[in-house]
Amino acid sequence: MAGVLDITAVLGDREVSRAEVLEWEGRRAAVVYKKLGMGTPPADVAARREALVAKKLELGHAEIERRLAWQMALAGRSSRLMSALSRGGRRLCIVELRGSGGTAEAVPAFYKAAMDAGEEAPLLAAAPDHWVLRKREDGIQQVIETTGGAPPASCIYLDENEVGQILTPADPSFPVQWVSFGRTRLDGPPAGALRHQFRDEPGGRFTARLTIEFPRVTPGRFVAGHRRHLACEFSNWIEAASAAG
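Encoded structure:
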């Protein structure tokens, strides 16, 4: 298990410490423990994380999808409606992570290596609300997660070869860019986009600027809740990528 780095998350106009993000992760982990009927979770956040990963891997993709089928159907219909009402407009969900003692630039390569190798454990471990993160045989990534402010789990398909419109420009001061477009159906149009930007700095410091573009009519509480999700998963991925060297 990677050690805890000095990471500060900037959520809107508020700075949030690593300890606060871990506290949020612990609360979310307790909720997922209950959903999975796993009894009383251990006090330690890292132990909760490991136990949830083990349980999800034990259940397997087919069983998880069976259990979450109605939630994913509901979330898909909601996403398609919001996309139609937004008429191409986007609402931004932005988080900035600043820290020292690790690397941010290695995160996209760390994620891609795990996805390509089918090593799901480090991808699931990043957030309690991750259910499935895998690359299908057709090369499209399937992500099933409960995003920050939405009760139902959603299924998003990410295609590295997808071409679409993204409103967030690349900042040239961030040398590593991660851009992708998400669909709620394999045959559907992009419902949103992401541009995550990473920079390692002198003195062992690093910055990650994370941006999700949701449909414009997405409720503000959803966006605010998803900031916590982003802070949790990417702080954990920065720790894991830094530990992996």
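Per this note's numbering, residue 67 is the first one in the sequence shown, and the count goes up by one each step.
In this text, a Cβ means the ideal position worked out from N, Cα and C, and glycines have one as well.
Handout entry: Environment of E226 [buried if 16+ CB atoms lie within 10 Å]
Key = exposed
Problem - Cβ pair V111, L88 closer than 8 Å - result: yes
Handout entry: A216 in three-state terms, based on DSSP
Key = coil
Exercise for the section: Run the CB neighbour count on G154, radius 10 Å, all protein chains shown included, and call it buried at 16 or more, exposed below. Expected result: exposed
Problem - Beta-carbon proximity of S220 to M138, cut-off 8 Å - result: yes
Handout entry: Separation of T106 from I232, as counted between CA atoms
Key = 43 Å
Practice task
Measure how close the beta-carbons of L163 and I304 come, nearest whole angstrom, since I'm counting them as under 8 Å.
Solution key: 7 Å
Practice task
With a floor of 3 residues, list each beta strand (DSSP E) that falls wholly inside the region 93-123, ordered by position along the chain.
Solution key: none
Exercise for the section: Return yes when the Cβ of A75 is within less than 8 Å of the Cβ of F176, no when it is not. Expected result: no
Exercise for the section: Assign L296 to one of three DSSP states: helix, strand, or coil. Expected result: helix
Exercise for the section: Would you decide whether E185 is buried or exposed? Buried here means 16 or more other CB atoms lie within 10 Å of its CB. Expected result: exposed
Problem - Supposed close pair Q263, F300 - CB separation, criterion 8 Å - result: Not really, about 12 Å apart at Cβ, beyond 8 Å.
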